[in-house]
Amino acid sequence: IVVAGADHVSLPELMRILSADFGIRKLMIEGGPTLNWHMLHHRLVDEIRLIHLPFIVGGSDTPSLVGGMHIESEEEMIRLSLKNFYLCGTNLVTEYDVLYTDEGVRDAAGSG
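Structure below.
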């Protein structure tokens, strides 16, 4: 058992422990919108790989890729740089590098 945080998981601390104590340098996260947001918010993601399936799912309660804070300006957006794409059967796979900026992600209080 790895303890990383007192009352909730501290993702930066968890990643530090995995790296320092276990030598883990790469980690694949298959999370939902909340985990994805927190990993991006703490700038712990350097690559995103998306699989585009040949069908559409919708509805007001359908989860998005990332939950978290509402983006209020274009400066707050986290930019991506396409580095590769390919077909896997009928699915399109896209790979992006994550480009953080100083303004990119606000904390819950709204400050940078």
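Just so we're aligned: 188 in the working numbering is position 79 of the sequence shown, and the numbers increase by one with no gaps anywhere.
C-beta atoms are modelled at their ideal positions from N, C-alpha and C, and glycine is treated no differently.
Exposure of residue 150, with buried meaning 16 or more beta-carbon neighbours within 10 Å: buried
Buried versus exposed, by CB contacts within 10 Å (16 or more), residue 221: With a pLDDT of 41 at residue 221, under the threshold of 50, the modelled position of this residue cannot be trusted, and the question is left open.
Candidates 175, 114, 147: closest to residue 159 by CA position: 175
Length of the line joining the Cα atoms of residue 202 and residue 194: 5 Å
In DSSP terms, what residue 188 is bridged to: 208
Cutoff 6 Å; reference residue 161; Cβ partners in own chain excluding five residues on either side: 201
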